[in-house]
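Enquirer: There's a structure below that I have some questions on.
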Amino acid sequence: MIIQKTANSRISSFDPENYSFGDHFIDHMIVCEYENGKWGEVKLMPYGQLPFSPANMAFNYGQACFEGMKAYKDKDGEVYLFRVNKNFERINKSAKRLAMPEVPEEVFVGGLKALMDIDRAWIPAGEGKSLYIRPLIFATEEGLKARVSNKYMFAIVAAPAKSYYSAPVSVKISDYFSRAASGGVGSAKAAGNYAASFYPTQLANEEGYEQIIWTDDSTHEYFEESGTMNVFVRIGDTIYTPPTSEKILDGVTRDSFIQLAKHRGMDIRVEPISVKTVLEAQKAGTLKEIWGVGTAVVTTAFKAIGYKDEKFELPVLSEEESFALTLKNDLVNIQTNAAEDPFGWRVKVEKNVLETV
Ligand code: COI
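So in my numbering, spot 19 of the sequence shown is number 560, and the numbers just go up one at a time.
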């Protein structure tokens, strides 16, 4: 690994009590370039701008995918990552679907651990706080022919995080727009999936909704995801979440919620959930909760759902009554080393990783 430490740490200008999600970057970043059919040496360097031409293929044809991960500090100041292998495997699935080269484990995991070690002072401790980590792969070749790029960059940047959408939000069930289509790239964390979601979300915002519940592209009868999150619905005491598919992202938080619910003996069903079932449950008074999960948000509760011209309020539950919050607390306690980890999900970042790379 090539290591260039910054001579000018910016940490003293960062106020850990006053920041918002994703807008202060840690002192260093990881970059690794792919050229002539192979990845080069991983470079840990000061965070900063990189020079790219407007003719860069990533900008023009969208060969770009990313991951979302977090690092946590426990009460003793030790640093932990979470289910690193899931993100490593998924970035390579995304890369494959976008005809980009897969990154080797030593580049992804080695780079990640080195970056977390050198910038561990940037990882905020305390309730709801963490460091959001963004590994990404993008094309870097200059050229306007619509073809697969021959050059790429893998990079990792990171920014202190706190709750992303903290208050419960209102969501609109989509009856027209879709996030993903059969045979498309919905299960890849393709940058373009997010770009395509912004316009429908702006329209929902104009109607007074913060997010959209994405439904299937052919019938709009089944829930798929919500905003940038996977979705869970509770009817009575049963939790439902749609099965992953080529249209639904295999979310790490989603999978963790399923395993935690099973561990608690909750009735959780991974099966298609229809708009009709949800609306009927709402009318019958058995619809208790709908929530989204993702790395950035962990959990966002929904306070109202809109469908066509109607808007329905969801019950307001206490922290003890809410399955969403119960599972969120279980998850966060494992992530932050405040509870046992029966699943082996936590990955400790040892000190002085740089001396071993
Ligand atoms: C994540 O939860 O990591 C996401 O990918 C959402 C992100 C777009 C902020």
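From the three backbone atoms N, C-alpha and C, an ideal C-beta is built for every residue, glycine too.
Sorted by chain position, which residues of the same chain lie with C-beta nearer than 6 Å to glutamate 582's C-beta, five sequence neighbours on each side aside?
Expert: Cβ neighbours of glutamate 582 beyond the five flanking positions: Ile543.
Enquirer: Relative to the alpha-carbon of threonine 841, which residue among Tyr740, Val648, Val712, Glu762 has its alpha-carbon at the smallest distance?
Expert: Of the candidates Tyr740, Val648, Val712, Glu762, the one whose C-alpha sits nearest the C-alpha of threonine 841 is Val712.
Enquirer: Leaving out five residues on either side along the sequence, give the residues of the same chain with a beta carbon under 8 Å from the beta carbon of glutamine 545.
Expert: Hits under 8 Å: Lys584, Leu585, Met586, Pro587.
Enquirer: Check whether the Cβ of alanine 837 lies closer than 7 Å to any heavy atom of the ligand COI, and answer yes or no.
Expert: Checking every heavy atom of the ligand COI against the Cβ of alanine 837, one is found closer than 7 Å.
Enquirer: With three or more C-beta pairs closer than 8 Å as the rule, is the segment 721 to 732 touching the segment 787 to 795?
Expert: Touching, per the Cβ criterion.
Enquirer: At what residues does the alpha helix (DSSP H) containing phenylalanine 649 begin and finish?
Expert: Start and end: 646 to 659.
Enquirer: Closest to lysine 692 by CA distance: which of Ser635, Glu861, Arg631, Tyr575 is it?
Expert: That would be Tyr575, whose Cα lies nearest to the Cα of lysine 692.
Enquirer: Identify every residue that forms a DSSP beta bridge with tyrosine 621.
Expert: DSSP, once it has assigned bridges, lists Tyr613, Lys889 as partnering tyrosine 621.
Enquirer: Whose C-beta lies closer than 6 Å to the C-beta of serine 550 among residues of the same chain, with five residues either side of it excluded?
Expert: Asp568.
Enquirer: Just to check my reading of the structure: glutamate 830 and arginine 775 have Cβ atoms closer than 8 Å, yes? What is that Cβ distance to the nearest angstrom?
Expert: Yes, glutamate 830 and arginine 775 are in contact; Cβ-Cβ is about 4 Å, under 8 Å.
Enquirer: Given the structure, does tyrosine 602 come close to the ligand COI, in the sense that its CB is under 7 Å from one of the ligand's heavy atoms?
Expert: The answer is no for tyrosine 602.
Enquirer: Please list, in chain order, all residues of the same chain as glycine 652 whose beta carbon is under 6 Å from its beta carbon, the five residues on each side excluded.
Expert: Around glycine 652: Ile571, Val583, Ile697.
Enquirer: Just how far apart, CA to CA, sit alanine 662 and isoleucine 780?
Expert: Distance between the alpha carbons of alanine 662 and isoleucine 780: 39 Å.
Enquirer: Considering only their Cβ atoms, is the gap separating valine 772 from arginine 638 smaller than 8 Å?
Expert: For arginine 638 and valine 772, no; Cβs fall outside 8 Å.
Enquirer: Pop quiz: lysine 730 and lysine 703 are said to be a contact at Cβ under 8 Å. What is the actual Cβ separation, rounded to whole angstroms?
Expert: The Cβ separation is near 22 Å, so there is no contact.
Enquirer: One question on the structure: do phenylalanine 843 and proline 709 come within less than 8 Å of each other, judged by their Cβ atoms?
Expert: For phenylalanine 843 and proline 709, yes; Cβs fall inside 8 Å.
Enquirer: What is the C-beta distance between valine 625 and valine 888, in whole angstroms, given that I count them as a contact (C-beta under 8 Å)?
Expert: Valine 625 to valine 888, Cβ: 5 Å. Contact.
Enquirer: Hey, is the segment 616 to 625 in contact with the segment 877 to 897, meaning 3+ C-beta pairs nearer than 8 Å?
Expert: Touching, yes.
Enquirer: Can you tell me the Cα-Cα spacing of valine 594 and glutamate 851, whole angstroms?
Expert: The sequence shown places serine at residue 594, not valine. Cα to Cα, serine 594 sits roughly 47 Å from glutamate 851.
Enquirer: Which same chain residues end up closer than 6 Å to aspartate 871 when comparing Cβ atoms and leaving out the 5 residues on each side of it in sequence?
Expert: Taken in chain order, the residues that qualify are Leu801.
Enquirer: Return yes when the Cβ of alanine 680 is within less than 8 Å of the Cβ of glutamine 590, no when it is not.
Expert: Their beta carbons are not under 8 Å apart, which means glutamine 590 does not touch alanine 680 by this criterion.
Enquirer: With hydrogens ignored, establish whether the beta-carbon of tyrosine 621 is closer than 7 Å to any heavy atom of the ligand COI.
Expert: Flag unset: Cβ of tyrosine 621 not near the ligand COI.
Enquirer: Runs of 3 residues minimum, wholly inside the segment 685 to 736: which ones carry the beta strand (DSSP E) assignment?
Expert: Counting whole runs of 3 or more residues, the segment 685 to 736 contains the beta strand (DSSP E) stretches 693 to 702, 710 to 714.
Enquirer: If you measure from the CB of threonine 769, is any heavy atom of the ligand COI nearer than 7 Å?
Expert: For the ligand COI, at least one heavy atom lies less than 7 Å from the Cβ of threonine 769.
Enquirer: Going by beta-carbon coordinates alone, are threonine 782 and valine 819 separated by less than 8 Å?
Expert: In this structure, valine 819 does not lie closer than 8 Å to threonine 782 by Cβ.
Enquirer: Is the beta carbon of asparagine 628 less than 8 Å from the beta carbon of valine 793?
Expert: Going by C-beta atoms, asparagine 628 is nearer than 8 Å to valine 793.
Enquirer: Just to confirm, are aspartate 716 and lysine 849 a CB contact at a threshold of 8 Å?
Expert: Cβ atoms of aspartate 716 and lysine 849: closer than 8 Å.
Enquirer: Pull the bridge partners of leucine 672 from the DSSP assignment, please.
Expert: Paired residues: Ala612, Pro701.
Enquirer: Closer than 7 Å to a non-hydrogen atom of the ligand COI - does that hold for the CB of glycine 609?
Expert: Yes, since a heavy atom of the ligand COI falls inside the 7 Å radius drawn around the Cβ of glycine 609.
Enquirer: Tell me whether tyrosine 560 counts as near the ligand COI, meaning its Cβ is closer than 7 Å to at least one heavy atom of that ligand.
Expert: Incorrect: tyrosine 560 has no Cβ contact closer than 7 Å to the ligand COI.
Enquirer: With DSSP as the reference, label proline 587 as helix, strand or coil.
Expert: DSSP places proline 587 in strand when its eight states are reduced to three.
Enquirer: Aspartate 778 lies in the alpha helix (DSSP H); which residues open and close that run?
Expert: No alpha helix (DSSP H) holds aspartate 778; DSSP gives it neither H nor E.
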